[in-house]
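Asker:
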Amino acid sequence: MSVILKIAVQKSGRLYEGSMHLLKECGIEVGNGNNQLRVISGNFPVEIFFLRDDDIPEYVQDAVADIGFVGENVMKEKNKSVNAIEKLEFGKCRLSIAVPKSGTLQSINDLSGKKIATSYPVILSEYLEQKNITASIHEISGSVEIAPRIGLADAICDLVSSGSTLFTNELKEIETILFSEALLISNKNLSAEKKIILDRLLFRIRSVKKARNNKYVLLNAPNDKIDAIISLLPGMKSPTILPLAEPGWSSIHSVINETDFWNVIEQLKANGAQGILIIPIEKMII
Ligand code: ATP
Ligand code: MG
Numbered sequence: 002m003s004v005i006l007k008i009a010v011q012k013s014g015r016l017y018e019g020s021m022h023l024l025k026e027c028g029i030e031v032g033n034g035n036n037q038l039r040v041i042s043g044n045f046p047v048e049i050f051f052l053r054d055d056d057i058p059e060y061v062q063d064a065v066a067d068i069g070f071v072g073e074n075v076m077k078e079k080n081k082s083v084n085a086i087e088k089l090e091f092g093k094c095r096l097s098i099a100v101p102k103s104g105t106l107q108s109i110n111d112l113s114g115k116k117i118a119t120s121y122p123v124i125l126s127e128y129l130e131q132k133n134i135t136a137s138i139h140e141i142s143g144s145v146e147i148a149p150r151i152g153l154a155d156a157i158c159d160l161v162s163s164g165s166t167l168f169t170n171e172l173k174e175i176e177t178i179l180f181s182e183a184l185l186i187s188n189k190n191l192s193a194e195k196k197i198i199l200d201r202l203l204f205r206i207r208s209v210k211k212a213r214n215n216k217y218v219l220l221n222a223p224n225d226k227i228d229a230i231i232s233l234l235p236g237m238k239s240p241t242i243l244p245l246a247e248p249g250w251s252s253i254h255s256v257i258n259e260t261d262f263w264n265v266i267e268q269l270k271a272n273g274a275q276g277i278l279i280i281p282i283e284k285m286i287i
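If you read the sequence shown in this note's numbering, its first letter stands for residue 2, the second for the next number, and so on.
#1: Ordered along the chain, which non-local residues of its own chain (more than five positions away) have a Cβ less than 7 Å from that of leucine 199?
#2: Of the choices Ile287, Leu269, Thr177 and Ile157, whose alpha-carbon is the least far from that of asparagine 215?
#3: Please indicate yes or no: does the CB of arginine 15 lie closer than 8 Å to some heavy atom of ligand 1?
#4: From which residue to which residue does the alpha helix (DSSP H) around arginine 201 run?
#5: Would you call the region 177 to 186 and the region 244 to 264 in contact, with 3 or more CB pairs under 8 Å?
#6: Using a 10 Å radius around the Cβ and a threshold of 16 neighbouring Cβ atoms, would you call alanine 64 buried or exposed?
#7: If you scan the region 106 to 173 from start to end, which runs of the beta strand (DSSP E) of 3 or more residues do you find wholly inside it?
#8: Sorry if obvious, but does the Cβ on valine 65 come closer than 8 Å to a heavy atom of ligand 1?
#9: Please classify threonine 260 as buried or exposed, where buried requires at least 16 other C-beta atoms within 10 Å of its C-beta.
#10: In the DSSP output, which residue or residues are listed as bridge partners for tryptophan 250?
#11: What is the rounded straight-line gap between the Cα of glycine 104 and the Cα of glutamate 78?
#12: Can you tell me whether DSSP reads lysine 79 as helix, strand or coil?
#13: Going by the CB atoms, is the gap between serine 97 and glutamate 174 shorter than 9 Å?
#14: Can you round the beta-carbon distance between glutamate 127 and lysine 210 to whole angstroms, since I take them to be within the 8 Å contact cut?
#15: Taking contact to mean at least 3 C-beta pairs separated by less than 8 Å, is the region 150 to 160 in contact with the region 116 to 127?
#16: Using 9 Å as the threshold, is the C-beta distance between leucine 52 and valine 10 below it?
#17: Could you tell me the distance, in whole angstroms, from the CA atom of glycine 276 to the CA atom of lysine 238?
#18: Looking at leucine 153 and lysine 116, is the spacing between their C-beta atoms short of 9 Å?
#19: Find the nearest neighbour of isoleucine 253 within the set Phe262, Val47 and Ala229, judged by alpha-carbon distance.
#20: DSSP on leucine 184, reduced to helix/strand/coil?
#21: From glycine 92 to valine 218, what distance separates their C-alpha atoms?
#22: Going by the beta-carbon positions, is the gap between serine 208 and glycine 236 smaller than 9 Å?
#23: What first and last residue would you give for the alpha helix (DSSP H) that runs through glutamine 310?
#24: Can you grab the Cα-Cα spacing for the pair isoleucine 8 / asparagine 80, in whole Å?
#25: Give the DSSP-derived three-state secondary structure of glutamine 62 in the structure shown.
#26: Could you pull the DSSP bridge partners for glycine 92 from this structure?
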């Protein structure tokens, strides 16, 4: 039988969509799982296992799955022996300490001798130790945000993305202890054949990530401005320059980074660029 790489993906929840979307963008066909525990891809040697995110690090450690997509927060908390291979740029959130808005607690130094409710006792205790704070940790598995209101704890340590859950529960964030996003983790003892499949998958994931972070740009410029404009647009190797039918003008094609995007566009316009088109890139192979 030919070798197949087993991938653990969250069965439902905040990482499911991002994980399945990434596989799809990598050209890997899998059904949506429809309540199945596992599905095999029809066009790439992988099999997807749908699991609770908490179990993924252990399953990858024990080689039930070869690799997995899981939050950095869960990987750190579970502290299993796995390799962190690649950040996946979705599932972004932070693990923060929050306190009641109206109370007397203002900073983490006020937490000495207090009770903190969390689903992340390992990360929190390590953090408190580092800061030399002695507080008691009350572990709960869900709805951490209501703990102060029902008198279960003085503060909480929980995941935050927009902050709306904290707001609704009249809590304020006083300290962020971890920034997290989804990660690809792998078993430490993959066979050579499985490593080859993982490398093929990683190549695709990196191409998708690069494409998402870059845009293709086309613009028209007077010939005397070409030097100034290409200094703003280094491109992959160097920009492409084609003459326009109108004498004295050229069309310039290049790639720009999403993060510099607006700054670069403003400078291009200031340098006489016209008819600027920005086009999403589907895959980027360098
Ligand atoms: P499961 O049933 O699989 O155990 P869960 O309830 O533990 O699911 P989700 O709430 O679906 O988990 O979150 C999964 C992961 O999504 C988190 O561990 C975290 O890495 C990421 N995440 C991103 N944004 C948030 C957020 N605002 N709140 C919680 N998790 C978030
Ligand atoms: Mg979970």
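C-beta: ideal position from N, C-alpha, C; glycine also.
Answerer: A quick look at the data gives this:
#1: Leu6, Ile68, Ser187 and Leu191
#2: Ile287
#3: yes
#4: 193 to 213
#5: no
#6: exposed
#7: Listed in chain order, they are 116 to 119, 137 to 140 and 156 to 161.
#8: Outside the cutoff, so no.
#9: exposed
#10: DSSP, once it has assigned bridges, lists Pro223 as partnering tryptophan 250.
#11: Distance between the alpha carbons of glycine 104 and glutamate 78: 29 Å.
#12: helix
#13: yes
#14: Incorrect: roughly 30 Å between the Cβ atoms, too far for contact.
#15: yes
#16: yes
#17: 23 Å
#18: yes
#19: Ala229
#20: Under the three-state reduction of DSSP, leucine 184 is assigned to strand.
#21: 29 Å
#22: no
#23: The first residue shown for the chain is 2 and the last is 287, placing residue 310 beyond what the model contains.
#24: 19 Å
#25: In the structure shown, glutamine 62 adopts helical secondary structure according to DSSP, grouped into three states.
#26: Under DSSP, glycine 92 shares a beta bridge with no residue.
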